[in-house]
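Student:
Number of protein chains: 2
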Amino acid sequence: MEKNTAIPEANLFERVTRDRPRNFDASSFDRALLILQRVLMERYDRPSLVTKIACETGAEIIEGLRAPGDELNSVDLATRFKTSRTPIRDALMLLEKEGLIDMLPRRRARVATPPIEEIGEIYRVRAALFETVASDVVSRATEDDIALLAGLIDAMADAERRMALPDYVWANVEFYTALSNIGRNRTAARLIDSLLLRTLPHRRLSLSLPGRMARSLKTHAQILDAVTQRDETLARALIRSNHLSALEALQKAAAEGH
Amino acid sequence: MEKNTAIPEANLFERVTRDRPRNFDASSFDRALLILQRVLMERYDRPSLVTKIACETGAEIIEGLRAPGDELNSVDLATRFKTSRTPIRDALMLLEKEGLIDMLPRRRARVATPPIEEIGEIYRVRAALFETVASDVVSRATEDDIALLAGLIDAMADAERRMALPDYVWANVEFYTALSNIGRNRTAARLIDSLLLRTLPHRRLSLSLPGRMARSLKTHAQILDAVTQRDETLARALIRSNHLSALEALQKAAAEGH
DNA sequence: ACACGCCAATCTGTCGACACTTTATATGAA
DNA sequence: TTCATATAAAGTGTCGACAGATTGGCGTGT
Numbered sequence: 000m001e002k003n004t005a006i007p008e009a010n011l012f013e014r015v016t017r018d019r020p021r022n023f024d025a026s027s028f029d030r031a032l033l034i035l036q037r038v039l040m041e042r043y044d045r046p047s048l049v050t051k052i053a054c055e056t057g058a059e060i061i062e063g064l065r066a067p068g069d070e071l072n073s074v075d076l077a078t079r080f081k082t083s084r085t086p087i088r089d090a091l092m093l094l095e096k097e098g099l100i101d102m103l104p105r106r107r108a109r110v111a112t113p114p115i116e117e118i119g120e121i122y123r124v125r126a127a128l129f130e131t132v133a134s135d136v137v138s139r140a141t142e143d144d145i146a147l148l149a150g151l152i153d154a155m156a157d158a159e160r161r162m163a164l165p166d167y168v169w170a171n172v173e174f175y176t177a178l179s180n181i182g183r184n185r186t187a188a189r190l191i192d193s194l195l196l197r198t199l200p201h202r203r204l205s206l207s208l209p210g211r212m213a214r215s216l217k218t219h220a221q222i223l224d225a226v227t228q229r230d231e232t233l234a235r236a237l238i239r240s241n242h243l244s245a246l247e248a249l250q251k252a253a254a255e256g257h
Numbered sequence: 000m001e002k003n004t005a006i007p008e009a010n011l012f013e014r015v016t017r018d019r020p021r022n023f024d025a026s027s028f029d030r031a032l033l034i035l036q037r038v039l040m041e042r043y044d045r046p047s048l049v050t051k052i053a054c055e056t057g058a059e060i061i062e063g064l065r066a067p068g069d070e071l072n073s074v075d076l077a078t079r080f081k082t083s084r085t086p087i088r089d090a091l092m093l094l095e096k097e098g099l100i101d102m103l104p105r106r107r108a109r110v111a112t113p114p115i116e117e118i119g120e121i122y123r124v125r126a127a128l129f130e131t132v133a134s135d136v137v138s139r140a141t142e143d144d145i146a147l148l149a150g151l152i153d154a155m156a157d158a159e160r161r162m163a164l165p166d167y168v169w170a171n172v173e174f175y176t177a178l179s180n181i182g183r184n185r186t187a188a189r190l191i192d193s194l195l196l197r198t199l200p201h202r203r204l205s206l207s208l209p210g211r212m213a214r215s216l217k218t219h220a221q222i223l224d225a226v227t228q229r230d231e232t233l234a235r236a237l238i239r240s241n242h243l244s245a246l247e248a249l250q251k252a253a254a255e256g257h
C-alpha cells in the first residue's frame, strides 16, 4: 500500500483495481471473487457497495496480493474505491467475520495470520462438515449430478497433467462446490465455503509438495466412484482422508519450506 | 465521548433495558447475554459499544422479547441506546452474520424467521461438529474435566426434577460448552456456538413435549458415561442421537402445537 | 367494497467532520 | 551511537446531515 503522502491526484485512483504485480493471475482472481460473492452475499442478490469492496479486498488477500500482517488502511481504501470510510468499515467487518482479517479496536485492520493450530482445526472441522454432506450426496445424487462430478474430475486431471497448480485448485474447489450443491444443505455449504476462504491463501503451500497433486486427484476420483456406487461409508472416509492428507502436506511444507 | 447536544428530556430513555413483559426472566436473559458475548466478541475483550448493542438486542431476540418477523428500526434503537445510527448499523450486521436477523438492502432489519428445513440443517450440522468435538473430548478429558461434566449433569437432573425448563436449557448449554472447552477446538466451538444461537429461540418448543426433558437428561448421562469409559464411538452416537431427537421433537411440536 | 396509484412521512446508505488514540518522527540524554 | 521522551502526523470510532428509497395512508375510479 503506497503511502503517497503527496496530494492524491484523483487520476491515480481512477480504476478500482490496483496496480497488479507482474505475476498477477486475472482468472484466478476472478475465481476468488466468485467464491467471495457466494459467501458474503449469502442471500442472493445484494450487489451493494459494501459487498463489492469486501469481495475485491478479500480476493486480493486470497490471491496473496496482500500478505498476512499487511495493514488495511481505511482511508486509503476509501480513496481507492472513491467512497467514504463508512462502507469501507462495513466491508472490513465482513472480512473479519470470514476470518480473512483481524480487527482490534482503535487499531488498523491487518490481514489475518492464523496460527498453525487454527489451520489444523479448520481442516478437521471442514472434513467433519463434508462428511455429512457426502452422506446426503450419496443418497441424493442423480445421474446428471454424477456426470457433472465426472466432468470436474476430468478438469482436475487435465490441470494435473499440465501441472497447472492454480487451475487444479479451482477445479478442485468447483468439485467441492458441486458436492455441496448436490447435498442440498445450505447451512453446511455456507460454513464449508467460509472455512474454504481461510485456507485458500495457503493453497499453494499445500499442493506444491511433490506428488501431492497426483495423490489428491486419485482420491477425488475414488470419491466419485464411491458416490457412483452409493457407498456412503467409503465416500465419507475418502473425504476425511483427503482433508487430513492436505493438512498433513500443508504442515510439512510449512515446517520445512516457509 | 458525550456529545450531549441531545434533547434534555432524554430521561425517558435513561435505562438501556426496555420495559420487560411481566414474565421476563432476568437470569435467563443474562445467560443469553453471556453466550452472545462469547460468540460476538470472539477475540476476547473488545467491550465496544457495537458489541454491547448487539448482545443486548440479540438477547432480546433469543429470549423471545422480539418475535420472528419483528422490525428492528435503527433510529429507534439509536435513541434507545443514546448513540447515532452508525454503531446500531454495525451491531445489526453482526446479528445478521449470526443468523438472528435478516437484512435486505434499503429495508428494515427483521428478526429472522428461519424456514423449518433450515432448522433441520442446523441441527444436523451441529451434530456433525459435535461428533468431532466428542472424539477429542474422549481422548483428552482429564479426571477434573469429567468431574465438571458430572456436576453439570447433576444440575440438569435437578432442573428436570423441578420441571424448570429454562434452568434445564441453560444447564444443558453449559454442559455442551464444557464439552467444547475440553475438546480444545476453538474453530469448532465458535461454529457450534453460532449454530446454538439460532436454535435458542425455539428451545421452548423442543423441550416442552412431554417426556422430552427426561429423555434428554438420560442421553446426556449416557454421554458422560461414554466419555468416562473412553468409548469414542458410543459418545459420538449418543451426541448424534440426542441432536436428532431434539430436532424430531421440535418438528413434531411445530407441526401440531404452534 | 376493492384495486390502483399518488403523496407524505419515515427510514436507510453514505458522506464529511470532529474528538480522541495510536503510530511515526524528531529531539535530547546517557 | 542507543534509548527514552516529546511532539507531530495519521487513523479510528462516532456523530449529525442529506439524498434517495421504502412504507403506509389517502383519495379516486370502478
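Protein chains in written order, with numbering that gives the first Met the number 0: chain A, 0 to 257; chain W, 0 to 257. Note that the Cβ used here is the ideal one computed from N, Cα and C, for glycine as well.
In this structure, does DSSP put A108/A in helix, strand or coil?
Tutor: Counting from one through the first sequence, the residue named residue 108/A turns up at place 109. Here A108/A sits in strand by DSSP.
Student: Run down chain W in chain order and give the residues with a C-beta less than 7 Å from the C-beta of D89/A.
Tutor: Along the first sequence, one-based indexing puts residue 89/A at 90. Going along chain W in sequence order, the residues near D89/A (Cβ under 7 Å) are M92.
Student: Alpha carbon to alpha carbon, how far is L39/A from M102/W? Give it in angstroms, no decimals.
Tutor: Indexing the second sequence from 1 puts residue 102/W at position 103. Indexing the first sequence from 1 puts residue 39/A at position 40. So the alpha carbons of these two residues sit roughly 13 Å apart.
Student: Consider the Cβ of T112/A: report whether some Cβ of chain W lies at a distance smaller than 8 Å.
Tutor: On the first sequence, residue 112/A is found 113 positions in, with the first residue counted as 1. Taking Cβ atoms only, chain W never reaches closer than 8 Å to T112/A, which makes this a no.
Student: To which residues of the same chain is E159/A closer than 7 Å at the C-beta, ignoring the five residues directly before and after it?
Tutor: Position 160 of the first sequence holds residue 159/A. Counting only Cβ-Cβ distances below 7 Å, and skipping sequence neighbours, we find Y167, M212, A213 and L216.
Student: As a quick exercise: from P113/A, A31/A and L148/A, pick the residue whose alpha carbon is nearest that of T227/A.
Tutor: Residue 227/A sits at position 228 when you count from the first residue of the first sequence. Taking only the C-alpha atoms, the option nearest T227/A is L148/A.
Student: What residues are listed by DSSP as bridge partners for L71/W?
Tutor: Taking the first residue of the second sequence as 1, we reach residue 71/W at position 72. For L71/W, which the question treats as bridged, DSSP gives the partners A108/W.
Student: Any idea which residues DSSP pairs I191/A with across the strands?
Tutor: Here the question's residue 191/A lines up with position 192 in the first sequence. I191/A is not bridged to any residue.
Student: Please tell me whether D224/A and I181/A are closer than 8 Å, where the distance is taken between their beta carbons.
Tutor: Stepping through the first sequence from its first residue, residue 224/A is reached at position 225. Stepping through the first sequence from its first residue, residue 181/A is reached at position 182. For D224/A and I181/A, no; Cβs fall outside 8 Å.
Student: Using beta-carbon positions only, say whether S240/A and T218/A come within less than 8 Å of one another.
Tutor: Along the first sequence, read from residue 1 onward, the residue named residue 240/A stands at position 241. Along the first sequence, read from residue 1 onward, the residue named residue 218/A stands at position 219. Cβ atoms of S240/A and T218/A: closer than 8 Å.
Student: For E268/A, count neighbouring Cβ atoms within 10 angstroms of its own Cβ and tell me buried if that reaches 16, exposed if not.
Tutor: The structure shown does not extend to residue 268/A, since chain A is modelled only from 0 to 257, so the question has no answer here.
Student: Should I6/W be labelled buried (16 or more other beta-carbon atoms within 10 Å of its own) or exposed?
Tutor: Within the second sequence, numbered from 1, the residue matching residue 6/W stands at position 7. Confidence at I6/W is low in this model, with a pLDDT of 29, below 50, so the placement of that residue should be treated as unreliable; the coordinate-derived value is given next. With fewer than 16 Cβ atoms within 10 Å of its Cβ, I6/W is classed as exposed.
Student: Would the stretch 85-95 of chain A and the stretch 126-135 of chain A be scored as touching if the rule is three or more Cβ pairs under 8 Å?
Tutor: Contact fails: fewer than three Cβ-Cβ distances are below 8 Å.
Student: Label N22/A either buried or exposed according to how many other C-beta atoms from any shown protein chain fall within 10 Å of its C-beta, with 16 as the threshold for buried.
Tutor: Working through the first sequence from its first residue, we reach residue 22/A at position 23. Counting Cβ neighbours within 10 Å, N22/A comes out exposed, since fewer than 16 surround it.
Student: Which residues bound the alpha helix (DSSP H) around L246/W?
Tutor: Position 247 of the second sequence, counted from the first residue, corresponds to residue 246/W. For L246/W, the enclosing alpha helix (DSSP H) begins and ends at E231 to E255.
Student: To which residues of the same chain is A66/W closer than 7 Å at the C-beta, ignoring the five residues directly before and after it?
Tutor: The residue labelled residue 66/W in the question sits at position 67 within the second sequence. The residues are V110.
Student: Would you list the one or two residues that DSSP bridges to D101/W?
Tutor: For the purposes of this step, residue 101/W is taken as residue 102 along the second sequence, with counting starting at 1. Note: D101/W sits in a beta bridge opposite R109/W.
Student: Between G83/W and I52/A, what straight-line distance do the alpha-carbon atoms span, to the nearest angstrom?
Tutor: Here the question's residue 83/W lines up with position 84 in the second sequence. Here the question's residue 52/A lines up with position 53 in the first sequence. Contrary to the premise, residue 83/W reads as Ser rather than Gly in this sequence. Each residue's Cα considered, the two are about 24 Å apart.
Student: Is I152/A close to the ligand HEM? I mean its beta-carbon at under 7 Å from any heavy atom of the ligand.
Tutor: The ligand HEM is not part of this structure, which contains no ligands at all.
Student: Applying the criterion that 16 or more other CB atoms from any shown protein chain within 10 Å of the CB defines a buried residue, is R197/A buried or exposed?
Tutor: Against the first sequence, residue 197/A aligns to sequence position 198. Per the 10 Å Cβ criterion, buried.
Student: For G63/W, is the classification buried or exposed, using 16 other Cβ atoms within 10 angstroms of its Cβ as the cut-off for buried?
Tutor: The residue labelled residue 63/W in the question sits at position 64 within the second sequence. Result: buried.
Student: Along the stretch 227-245 of chain A, what residues have a CB closer than 9 Å to any CB found in chain W?
Tutor: none
Student: Since N288/W meets chain A, which of its residues come closer than 8 Å, beta carbon to beta carbon?
Tutor: Missing from the structure shown is residue 288/W; chain W here goes from 0 to 257 and no further.
Student: Could you tell me which uninterrupted alpha helix (DSSP H) segments, each at least 4 residues in length, are contained entirely in the stretch 134-221 of chain A, listed from first to last along the chain?
Tutor: 142-160, 164-182, 185-198 and 202-206
Student: Flag this pair as yes or no: are the beta carbons of P200/W and I87/W separated by less than 8 Å?
Tutor: Here residue 200/W corresponds to residue number 201 of the second sequence, with the count starting at 1. Here residue 87/W corresponds to residue number 88 of the second sequence, with the count starting at 1. Between P200/W and I87/W, the CB-CB gap reaches or exceeds 8 Å.
Student: Skipping 5 residues on each side, what residues in its chain have a beta carbon closer than 8 Å to that of G68/A?
Tutor: Here residue 68/A corresponds to residue number 69 of the first sequence, with the count starting at 1. The residues R109, V110 and T112, in chain order, have a CB closer than 8 Å to that of G68/A in the same chain once the five nearest residues on each side in sequence are set aside.
Student: Need the endpoints of the alpha helix (DSSP H) that P279/W sits in, please.
Tutor: Chain W is shown only over 0 to 257; residue 279/W falls outside these bounds and no answer can be derived.
Student: Quick one: which chain A residues come within Cβ less than 8 Å of L190/W?
Tutor: For the purposes of this step, residue 190/W is taken as the residue at position 191 of the second sequence. Per Cβ cutoff of 8 Å: V124 and L190.
Student: Rounded to a whole number of angstroms, what is the C-alpha to C-alpha distance between A31/W and A58/W?
Tutor: Here the question's residue 31/W lines up with position 32 in the second sequence. Here the question's residue 58/W lines up with position 59 in the second sequence. Roughly 5 Å between the two C-alpha positions.
Student: DSSP three-state label for A66/A, please.
Tutor: Position 67 of the first sequence holds residue 66/A. Assigned with DSSP and collapsed to three states, A66/A falls in coil, not helix or strand.
Student: Does the beta carbon of E247/W come closer than 8 Å to any beta carbon on chain A?
Tutor: Position 248 of the second sequence, counted from the start, is the residue given in the question as residue 247/W. For E247/W, the answer is no, since every Cβ of chain A falls outside 8 Å of its Cβ.
Student: In terms of alpha-carbon separation, which member of A25/W, H242/W, T186/W and I191/W lies closest to P114/A?
Tutor: Counted from its first residue, the first sequence places residue 114/A at position 115. Of the listed residues, the one whose Cα sits closest to P114/A is T186/W.
Student: If R107/W sits next to E70/W, beta carbons under 8 Å apart, how far is it from one beta carbon to the other, in whole angstroms?
Tutor: Position 108 of the second sequence holds residue 107/W. Position 71 of the second sequence holds residue 70/W. About 5 Å; that satisfies the 8 Å criterion.
Student: Does any residue of chain W have a CB that is nearer than 8 Å to the CB of P67/A?
Tutor: Within the first sequence, the letter at position 68 stands for residue 67/A. Taking 8 Å as the CB threshold, P67/A stays off the interface with chain W.
Student: Does E142/A get closer than 8 Å to chain W when you measure Cβ to Cβ?
Tutor: Counting from one through the first sequence, the residue named residue 142/A turns up at place 143. Put simply, the CB of E142/A is far from chain W, with every gap to its CB atoms at 8 Å or more.
Student: Which of helix, strand or coil does DSSP assign to D29/W?
Tutor: As a working note, residue 29/W is residue 30 in the second sequence. Correct three-state label for D29/W: helix.
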